[in-house]
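In what follows, a structure is listed as structure tokens, so that the remarks can point back to it.
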Amino acid sequence: MTRRELDRIRLVTRDFRGLQGLRTLVPMGLGFVGLGLGCLAFCPQLTVLAIGYGWAKVRAALILAGAFVLALVLVYLVVLFHVRAGAYYRRLFGDVEERPQSFSLSSVGVIAGAALLLMVIGVVGKNELLVPFTMYAAALILYWLARGRRLYSIHHLLLGLLLLAIAGSPWFVPSLRLSTEESMIVVGLVYILAGLLDHRLLVQELHPHRGAACEAAGDDLQSQEARR
Amino acid sequence: MDTPFERLANLDRLVHEPTRLAILAALSACASADFLFLQRITGLTKGNLSSHLAKLEEAGLVVIEKRIVDKKTQTRARLSDAGREAIEGYWQEMQALRKRAARWRPERARPQSATG
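Chains as they are written, first to last, in our numbering: chain D, 162 to 389; chain B, 8 to 123.
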């Protein structure tokens with residue numbers, strides 16, 4: 162049993178719930194993507210509803226009512242996905258009751274301060290995308306901090322930085338300016354990617370056939386002890 | 008004074024044994040864990056895990072609780088206060104040993120004094 166192996170055991174146990182990507186980040190990302198697609202498809206009807214007249218106005222109202230029902234269905238599906246994924250993880254990997262984790266307040270303060278500064282820069286620099294993107298990026302970076310800034314969780318930091326880079330890109334390449342709906346889809350896709358990477362990590366670490374070496378090492382030691 | 012290797016040999020074997028150390032390491036990182044999770048994280052078979060948990064429970068390091076959930080028995084394990092102390096003491100001891108081993112140099116053979 163190496164120190165690295167023991168570290169792996171402790172980290173996976175400590176972060177077991179956080180690593181359940183299909184239960185947390187993936188449904189959240191699906192929600193964002195759904196909302197973004199919904200806004201892309203239905204938001205033009207708001208203009209029709211506001212300035213249209215006659216049959217066009219009635220049609221826009223009906224479409225928006227349908228969109229509202231679709232949004233409720235989307236929320237239901239996201240919650241269902243979350244619940245089903247929780248049951249899937251329990252059935253496959255068991256359950257862990259977490260210990261309250263200590264959180265470095267100074268790191269949170271630095272991230273919150275940096276996020277606030279970026280938001281101010283976004284407002285002053287007329288880059289309205291930087292404000293929401295900074296919040297979503299800060300959430301991912303805080304996630305990484307909460308896990309003790311470990312290498313195995315580095316994808317949260319990288320994806321957080323990617324969101325910031327996308328938000329800042331219109332300053333350098335103006336054609337990359339995204340609409341609010343498109344930015345929702347991008348954030349959703351990034352969250353889905355982060356969740357899938359978490360899930361992959363958990364499955365790799367807790368695969369039923371993994372750890373056979375550990376058992377073999379234990380058996381070997383026991384047989385040595387018995388021989389003595 | 009003991010060499011680091013002599014001290015290593017004197018470590019608590021109940022904790023130092025690899026599979027039990029893996030179980031204790033997992034339990035030290037959470038409030039409690041169920042049997043299936045411990046099986047997955049350590050890669051042990053049911054029988055082997057049961058046997059090691061029984062030894063740890065017997066030594067008072069682990070508390071085993073059985074509950075009925077959805078008409079199925081669920082076994083959960085958690086570290087007792089003594090278990091938490093034992094594993095924390097073990098990590099400290101190992102850290103101290105690592106430092107001592109890094110500093111340790113074999114003693115030079117003493118020159119034999121002339122007799123008679």
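Positions of the beta carbon are idealized from the N, C-alpha and C atoms, including for glycine.
Take residue i as the anchor and find which of the options has the nearest alpha-carbon.
i: residue 352/D; options: 261/D, 218/D, 192/D and 247/D; result: 192/D
i: residue 79/B; options: 36/B, 42/B, 30/B and 28/B; result: 42/B
i: residue 245/D; options: 321/D, 184/D, 170/D and 311/D; result: 184/D
i: residue 82/B; options: 103/B, 94/B and 64/B; result: 64/B
i: residue 187/D; options: 323/D, 219/D and 350/D; result: 350/D
i: residue 35/B; options: 89/B, 105/B and 100/B; result: 89/B
i: residue 321/D; options: 302/D, 364/D and 259/D; result: 302/D
i: residue 76/B; options: 218/D, 219/D, 255/D and 259/D; result: 255/D
i: residue 260/D; options: 290/D, 171/D and 164/D; result: 171/D
i: residue 363/D; options: 251/D, 310/D, 262/D and 324/D; result: 251/D
i: residue 165/D; options: 311/D, 247/D and 216/D; result: 311/D
Would you tell me roughly how many angstroms separate the C-alpha atoms of residue i and residue j, rounded to the nearest one?
i: residue 67/B; j: residue 367/D; result: 27 Å
i: residue 338/D; j: residue 295/D; result: 15 Å
i: residue 347/D; j: residue 237/D; result: 22 Å
i: residue 340/D; j: residue 91/B; result: 53 Å
i: residue 24/B; j: residue 62/B; result: 12 Å
i: residue 382/D; j: residue 234/D; result: Unreliable placement is indicated for residue 382/D, whose pLDDT of 43 sits below 50; no coordinate value is reported for it.
i: residue 305/D; j: residue 167/D; result: 20 Å
i: residue 111/B; j: residue 96/B; result: 22 Å
i: residue 336/D; j: residue 313/D; result: 35 Å
i: residue 333/D; j: residue 69/B; result: 59 Å
i: residue 121/B; j: residue 113/B; result: Confidence at residue 121/B is low in this model, with a pLDDT of 48, below 50, so its placement is unreliable and the value that follows should be read with caution. Residue 121/B and residue 113/B: Cα-Cα distance of roughly 24 Å.
i: residue 50/B; j: residue 241/D; result: 31 Å
i: residue 39/B; j: residue 19/B; result: 23 Å
i: residue 288/D; j: residue 270/D; result: 24 Å
i: residue 85/B; j: residue 292/D; result: 44 Å
i: residue 37/B; j: residue 278/D; result: 36 Å
i: residue 297/D; j: residue 319/D; result: 13 Å
i: residue 230/D; j: residue 199/D; result: 11 Å
i: residue 267/D; j: residue 180/D; result: 24 Å
i: residue 249/D; j: residue 243/D; result: 10 Å
i: residue 387/D; j: residue 361/D; result: Confidence is the limiting factor: at residue 387/D the pLDDT is only 48, short of 50, which leaves the residue's position unreliable and the question unanswerable from this model.
i: residue 29/B; j: residue 307/D; result: 23 Å
i: residue 163/D; j: residue 309/D; result: 20 Å
i: residue 365/D; j: residue 194/D; result: 27 Å
i: residue 354/D; j: residue 71/B; result: 38 Å
i: residue 215/D; j: residue 232/D; result: 26 Å
i: residue 44/B; j: residue 247/D; result: 14 Å
i: residue 31/B; j: residue 94/B; result: 7 Å
i: residue 324/D; j: residue 203/D; result: 25 Å
Counting only the same chain and skipping the five closest in sequence on each side, list residues whose C-beta sits under 7 Å from that of residue i.
i: residue 201/D; result: 342
i: residue 48/B; result: 33
i: residue 213/D; result: 221
i: residue 189/D; result: 352
i: residue 196/D; result: 345
i: residue 46/B; result: 53 and 56
i: residue 356/D; result: 182, 183, 185, 186, 187 and 190
i: residue 239/D; result: 188, 191 and 192
If I measure Cβ to Cβ from residue i and keep anything under 8 Å in the same chain, skipping five residues before and after, which residues do I get?
i: residue 257/D; result: 174, 177 and 178
i: residue 218/D; result: 209 and 210
i: residue 27/B; result: 21, 59, 62 and 63
i: residue 87/B; result: 67, 68, 69 and 70
i: residue 169/D; result: 366
Residue i versus chain C: which residues are under 7 Å apart at the beta carbon?
i: residue 32/B; result: Absent here is chain C; the protein component of the structure consists of chains D and B.
Just to confirm my understanding: we take residue i, look at its own chain, exclude 5 residues before and 5 after, and list those with CB closer than 6 Å. What are they?
i: residue 109/B; result: none
i: residue 358/D; result: 316
i: residue 299/D; result: 272 and 276
i: residue 162/B; result: Outside the shown range of chain B (8 to 123) lies residue 162/B, about which nothing can therefore be said.
Practice problem: Determine, using beta-carbon pairs with one atom in the region 202-212 of chain D and one in the region 221-238 of chain D, whether at least three such pairs fall under 8 Å. | Solution: As far as the Cβ criterion goes, the region 202-212 of chain D touches the region 221-238 of chain D, which means the pair count is three or higher.
Exercise. Report yes or no: do three or more beta-carbon pairs, one from the region 266-278 of chain D and one from the region 54-66 of chain B, lie closer than 8 Å?
Key: Fewer than three Cβ pairs drawn from the region 266-278 of chain D and the region 54-66 of chain B lie within less than 8 Å of each other, which leaves the two stretches out of contact.
Exercise. Decide yes or no for the touch test of the region 276-293 of chain D against the region 317-334 of chain D: beta carbon pairs closer than 8 Å, at least 3 of them.
Key: Yes: the two stretches touch, three or more of their Cβ pairs being nearer than 8 Å.
Quiz prompt | Complete beta strand (DSSP E) runs within the region 35-74 of chain B (minimum length 3 residues, chain order) | solution = Fully enclosed beta strand (DSSP E) runs of 3 or longer: 39-41.
Quiz prompt | Sequence ranges, beta strand (DSSP E) only - wholly within the region 209-265 of chain D, length at least 3 | solution = Here no run is fully enclosed.
Practice problem: Kindly provide the ranges of any alpha helix (DSSP H) runs that are 4 or more residues long and lie completely inside the region 285-372 of chain D, ordered along the chain. | Solution: You should have 291-307, 315-329 and 341-366.
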